[in-house]
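**Student:**
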Amino acid sequence: MTSAPLNGPGSPYRKPPPEASTEEADDDALIKQLRVRAWDPGLRFDTASVPAAWIAERCSGERSEQDRVGIVGYGSDGTVLLNSWTEEVAAYYAEAPRRPLFPPITRSEVEVAECRMGRRLPELLQRVYTEVANGGFGPGGGLASLTDGNRAPGHLSDWPSAVRVHKRTCENGLPGSWLYLASGGCSMEWHVSLLAVDNPVLLYDADGWEPTWGQDPHDGLRHATASLRRWLWTWADGGNVWDEVAASLPPSPG
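Oh and the sequence shown: position 87 is 87 in full-length UniProt numbering, straight run, nothing missing.
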């Protein structure tokens, strides 16, 4: 990988995440922007791993030992998990090939998935899978694939399949009109509504409702982003889809 110089401690990002897009209605622009992030191995998720030894070699002792903005955690394999917009990530992945983790699929494959679910996908989501990638990028744990059998390098199990998860969640009582998009961490999941106007994205807590108390999956909803388009634009523009969730929560007492 490259040994491009890093910015100083006061400039932890490769660039400031852009403001909300002014082209929200332009799906062509959205697909193009999604492709830029999804095909960049340093940007395709909210975080990226960089070897700690690589950072220590290319940074001054003071820089490598101090607490730096952007550190998310440390891996048992000697890597540092960083916010994907940090300069270290930009430098380490600068010369890595630009390609999707899982190549886009065909319209025919989308139709097969739709038949298996008995549901039609929004046109925008169809375009994501056929023009950007078959999952393997995006907020949280990354979008699920639409087909089965995808496995990321170094992983011991297949990438989540939206169709398989959809079958399981329906068996667990979730509406068939909810399609799993990505993990939100712990028991949280991102789903898209296939029926509601503009296809809002739903943040659902799988442990947030109890059927024996007369509750249903809607009691597990924690937030709804107004549209799939808005949710995707937030991430494509370098934003955090959780910021809107945080802003919707009531202020803590005191």
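Even for Gly, the Cβ is constructed at its ideal location relative to N, Cα and C. Given the structure is predicted, the values throughout are model-derived calculations rather than measurements.
(1) Nearest by alpha-carbon distance to E109: which of R151, R98, N134, S177 is it?
(2) Is the Cβ-Cβ distance between M117 and H166 less than 8 angstroms?
(3) When you compare each of Q33, D77, D27, Y92 to V41 by their alpha carbons, which one comes out closest?
(4) Assign N172 to one of two classes, buried (16 or more other C-beta atoms within 10 Å of its C-beta) or exposed (fewer than that).
(5) For residue 255, I'd like the list of residues in its chain whose CB is within less than 7 angstroms of its CB, leaving aside the five on either flank, ordered along the chain.
(6) Below 8 angstroms between beta carbons: does that hold for P211 and P175?
(7) Quick one: using the 10 Å Cβ neighbour count with 16 as the cut-off for buried, is P139 buried or exposed?
(8) If I'm right that T130 touches T106 with Cβ under 8 angstroms, what's the distance once you round it to whole angstroms?
(9) Which one of R222, W233, P103 has the shortest CA to CA distance from A246?
(10) Hey, which unbroken runs of the alpha helix (DSSP H) at 4 residues or more fall wholly within the stretch 107-148?
(11) Can you tell me whether Y92 is helix, strand or coil according to DSSP?
(12) For S193, I'd like the list of residues in its chain whose CB is within less than 7 angstroms of its CB, leaving aside the five on either flank, ordered along the chain.
(13) Whose CA, out of W235, N83, T147, lies closest to the CA of A38?
(14) Can you tell me whether V197 is buried or exposed, with buried defined as 16 or more other CB within 10 angstroms of its CB?
(15) Which one or two residues does DSSP pair with residue 255 in a beta bridge?
(16) Pick helix, strand or coil for V80, following the three-state DSSP scheme.
(17) Can you tell which of W231, P153, P97, S49 has the C-alpha that lies nearest to the C-alpha of W85?
(18) Which residues does DSSP list as the beta-bridge partners of S49?
(19) Rounded to whole angstroms, what's the CA-CA distance from A226 to A152? Just pull it up for me.
(20) Please state the DSSP three-state secondary structure of V72.
**Tutor:** Inspection of the coordinates gives the following:
(1) Reading the sequence shown from its first residue, position 109 is the one you call residue 109. It is N134.
(2) For the purposes of this step, residue 117 is identified with residue 117 of the sequence shown, where counting begins at 1. For the purposes of this step, residue 166 is identified with residue 166 of the sequence shown, where counting begins at 1. Cβ distance < 8 angstroms, so M117 and H166 count as in contact.
(3) As a position in the sequence shown, residue 41 is number 41, starting the count at 1. A small fix is needed here, since residue 41 is Pro in this sequence, not Val. Closest by alpha carbon: Y92.
(4) The residue you call residue 172 lines up with position 172 of the sequence shown. Counting Cβ neighbours within 10 Å, N172 comes out exposed, since fewer than 16 surround it.
(5) Coverage of the chain is limited to positions 1 through 254, which leaves residue 255 absent and any answer about it impossible.
(6) Residue numbering aside, residue 211 sits at position 211 when the sequence shown is read from its first letter. Residue numbering aside, residue 175 sits at position 175 when the sequence shown is read from its first letter. For P211 and P175, no; Cβs fall outside 8 angstroms.
(7) Counting from 1 along the sequence shown, the entry for residue 139 is found at position 139. Answer is buried; the Cβ neighbour count reaches 16.
(8) On the sequence shown, position 130 is the one that residue 130 refers to. On the sequence shown, position 106 is the one that residue 106 refers to. The Cβ separation is near 7 angstroms, so the contact holds.
(9) The sequence position of residue 246 within the sequence shown is 246, counting from 1. Answer by Cα proximity: R222.
(10) 107-117, 123-127
(11) Within the sequence shown, numbered from 1, the residue matching residue 92 stands at position 92. Y92: helix per DSSP, three-state reduction.
(12) Taking the sequence shown and counting its residues from 1, the one referred to as residue 193 is at position 193. Closer than 7 angstroms at the Cβ level, and outside the excluded window around S193, lie S177, W178, N199, P200, L202.
(13) Translated into the one-based positions of the sequence shown, residue 38 becomes position 38. When each option's Cα is compared against that of A38, the closest is W235.
(14) Within the sequence shown, residue 197 is the residue found at index 197, counting from 1. Per the 10 Å Cβ criterion, exposed.
(15) No answer is possible for residue 255: the residues shown for the chain start at 1 and end at 254.
(16) The sequence position of residue 80 within the sequence shown is 80, counting from 1. It is a strand residue.
(17) Start at 1 with the first residue of the sequence shown, and residue 85 comes out as number 85. Nearest C-alpha to W85: S49.
(18) Taking the sequence shown and counting its residues from 1, one reaches residue 49 at position 49. Beta-bridge pairing links S49 to L81.
(19) Position 226 of the sequence shown, counted from the first residue, corresponds to residue 226. Position 152 of the sequence shown, counted from the first residue, corresponds to residue 152. Spanning the two alpha carbons is a distance of roughly 31 angstroms.
(20) Counted from its first residue, the sequence shown places residue 72 at position 72. Here V72 sits in strand by DSSP.
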